[in-house]
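Chains A and B, in that order, give the protein sequences.
Per our numbering, residue -2 is the first one in the first sequence, and the count goes up by one each step.
Per our numbering, residue 440 is the first one in the second sequence, and the count goes up by one each step.
All residues carry an ideal CB built from backbone N, CA and C; glycine is no exception.
Given the structure is predicted, the values throughout are model-derived calculations rather than measurements.
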Amino acid sequence: MALLELERVNTFIGSVQVLRDISINVDKGEIVCLVGRNGAGKTSTIKTIMGLLRPKSGTIRFKDEDITDLPPYRRARLGIGLAPDYRGIFTDLTVEENLQFPKWVIKRNRNQSGSNIEKEVHAIFPELDRLRKREGLVLSGGEGKMVATARALMLNPELLLLDEPLEGLAPIVLVRFAERIKKIREALGIAILLAESNIAHASRVADRIYVVERGEIVYGGSVEDVSRDEQLNRLVRGF
Amino acid sequence: MDPETVVIIILNGMFYALSLFLITIGLNILYGFMKVLNIAHGGLYATGAFLTWALMNTAAKAGYPIYILWLCIPVGAFLVGLLALVIEPLLFKRLYRLREEYSLLATFGLMLVFDDSLRMIFGGSPLSANQLYNWMGTLTILGKSYPTYNFVIYAFAIAVALGLWIFFFKTKMGRILRGTAQDREMSACLGVNVSILYTETFFLAVFIAGLGGAIYLPATNAYSGMGFEPIVLSFAVMIIGGLGSLKGALVAASMIGLVRAFGIALMPELELAVVFLILIITLIVRPRGLFGKKFTREEK
């Protein structure tokens, strides 16, 4: 049974259809990547899974529960964590406060136990200790992505959604961050769905990929297959 | 002007300033967190005064001891807070995602509803509940007598300012609120039920406005239209201090209160002109106000 399952999901922003009959699934402990050009529908898919966009039709199931109509906060409490493409760091708060934020919310609602997720997150991202007191406003792009990812993990999720986690990173930082994504799976055993526009980046981390084009899934399978298929490669690259 | 008079003018200025501060922090909370400009906040301040008058009047007539009259102040404010639980889901929830001019228009209408309802229920004459004010007597400052009750107001306003600062900057709930104010979508994705959080925040802002009206009642009166003048000046305080800034509200309210008090003493005809001159200069020189923050790319 898949951890996350989207079945024929159609989403609109205003009158524009951004997702067309999207059907994908993510199994427990899997790293799946949505690959496509800018504007292809990757972020809209992530947002629809998180509940930030409401599908007009179709079903979203998480842990075998229909979550199509649930608001984002209920999905977060069910075990879906998101690190968005714009990072969403609370600039007014320190890094430490950003990281504690989900813990405070969940404690406040007495919905989930604390566990030792904090230790695990700090083990995956040891640099966080150095940044603890720093304000969110002064983080670099790479640091912001790291804090956003670590903060989503503090929810103790079973599914982590990462929107463009590797975009805009310097090559050396990119390699390190891709390793961390794999380390998250190893250490926590959770599933990860990431959106990425660069097929080479996706191939560093993903077990499987879906190619998205104009709001539709045009391919689903292994990274190797896409790398071999020149037509798919061209579609993703855009030239 | 002799030094004794200057001290009394300063005390009077601060007395008025702190009433502006109590209204402005409510406005700041609502604007800072929900991006709603609430003109009806003056009406809620007035409702606090009227409801507390009703409670105090009943308690005084029944011959209850003085501590019961003190108790009427938080109870009156709490009753105003309960109003928040009605108007927030009925009206304000619909305004959160709209542009500010919609909230200005809708809450101006609500302000008129409050004012007329209070006049209909309590009549048009000023209502006095000065038992606490008289009970506390006067102090002699540099040879001039000054009401002791006013010092209760100073202490109370400072306690509110300090309490809110601790709440917003040192408590988990305050930090959750600040994060949500900056990016409600992200906050929801981290498990925050933004709808309930907004209702709680709205209650807090309205409770403080009600508390302002209630605590000022013994020293002034409850009268029809009492919410209009302070709301206009409170918006000036909000702009001068910087939108959403607690420190800015305190500094700007003190500035306006003192300018107004000295204006009344020295040039009564220019009293309001000077206040709005400060506002205009602030908008030209520092449009984000004294302590307002620049918007950053991260803010959504």
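Consider the Cβ of residue i: report whether some Cβ of chain A lies at a distance smaller than 8 Å.
i       : result
R538(B) : no
E624(B) : yes
I605(B) : no
Q621(B) : yes
K474(B) : no
K611(B) : yes
R614(B) : yes
R558(B) : no
F467(B) : For clarity, residue 467(B) is Asn in the given sequence; the question names Phe instead. Cβ-Cβ to chain A under 8 Å: no for N467(B).
G681(B) : no
R727(B) : no
G618(B) : yes
V525(B) : no
Have a look at residue i and residue j and give me their C-alpha separation to the nearest angstrom.
i       : j       : result
L581(B) : D441(B) : 11 Å
A80(A)  : A188(A) : 14 Å
D126(A) : L476(B) : 40 Å
T610(B) : E176(A) : 36 Å
P162(A) : V144(A) : 11 Å
L530(B) : S673(B) : 22 Å
K686(B) : F730(B) : 7 Å
F553(B) : E527(B) : 15 Å
K583(B) : E443(B) : 7 Å
A627(B) : T619(B) : 8 Å
E62(A)  : S41(A)  : 21 Å
M677(B) : A688(B) : 6 Å
D66(A)  : T8(A)   : 13 Å
L150(A) : G133(A) : 17 Å
N35(A)  : D18(A)  : 19 Å
L483(B) : R558(B) : 14 Å
R182(A) : A203(A) : 11 Å
Y455(B) : G680(B) : 16 Å
L128(A) : T579(B) : 55 Å
Y70(A)  : I635(B) : 11 Å
K53(A)  : I720(B) : 51 Å
A545(B) : M612(B) : 29 Å
M495(B) : C511(B) : 6 Å
S224(A) : R51(A)  : 33 Å
F517(B) : Y655(B) : 15 Å
K130(A) : A658(B) : 46 Å
L521(B) : I64(A)  : 34 Å
H480(B) : I670(B) : 7 Å
Y572(B) : V591(B) : 10 Å
Rounded to the nearest angstrom, how far is the Cβ of residue i from that of residue j, given a contact under 8 Å?
i       : j       : result
D77(A)  : F98(A)  : The identity of residue 77(A) in the sequence shown is Ile, whereas the question assumes Asp. Not really, about 16 Å apart at Cβ, beyond 8 Å.
R74(A)  : I103(A) : 7 Å
Q621(B) : T88(A)  : 7 Å
F715(B) : A675(B) : 7 Å
Y585(B) : L450(B) : 6 Å
I196(A) : V32(A)  : 6 Å
G652(B) : G487(B) : 3 Å
L508(B) : L650(B) : Contact doesn't hold; Cβ gap of about 15 Å is too wide.
V29(A)  : L190(A) : 5 Å
G38(A)  : V209(A) : 5 Å
A648(B) : F489(B) : Rounded, the Cβ-Cβ distance is 13 Å, inconsistent with contact.
What residues from chain D crowd round residue i, counting only those whose CB sits closer than 7 Å?
i      : result
P69(A) : Reference to chain D is not applicable here, since the protein chains of this structure are A and B.
Taking Cβ positions only, does residue i come closer than 8 Å to chain B?
i       : result
I103(A) : yes
E94(A)  : yes
R58(A)  : no
G186(A) : no
L150(A) : no
L163(A) : no
T88(A)  : yes
R74(A)  : yes
M238(A) : Residue 238(A) is absent from the structure shown; chain A starts at -2 and stops at 236.
G85(A)  : yes
P99(A)  : yes
L79(A)  : yes
R107(A) : Residue placement at R107(A) cannot be trusted, given a pLDDT of 43 that sits under 50; the coordinates are not used to answer.
L49(A)  : yes
Quickly, what does DSSP pair residue i with across the bridge? List them, please.
i       : result
T8(A)   : L16(A) and P52(A)
G218(A) : I206(A)
D441(B) : BP columns for D441(B) are empty, so no partner.
T91(A)  : E132(A)
D63(A)  : R58(A)
G85(A)  : According to DSSP, which records beta bridges pairwise, G85(A) is partnered with nothing at all.
N22(A)  : E2(A)
Segments assigned alpha helix (DSSP H), at least 4 residues, entirely inside the stretch 588 to 638 of chain B: 588 to 609, 611 to 621 and 623 to 628
Pick out the complete alpha helix (DSSP H) segments inside the stretch 117 to 196 of chain A, 4 residues or longer, and give them in chain order. Entirely contained in the stretch 117 to 196 of chain A, the alpha helix (DSSP H) runs reaching 4 residues are, in chain order, 125 to 128, 138 to 150 and 168 to 185.
Runs of alpha helix (DSSP H) wholly within the stretch 478 to 507 of chain B (minimum 4 residues, chain order): 480 to 500
Any beta strand (DSSP E) of 3 or more consecutive residues that is wholly inside the stretch 513 to 591 of chain B: Listed in chain order, the complete beta strand (DSSP E) runs (minimum 3 residues) inside the stretch 513 to 591 of chain B are 577 to 580 and 583 to 586.
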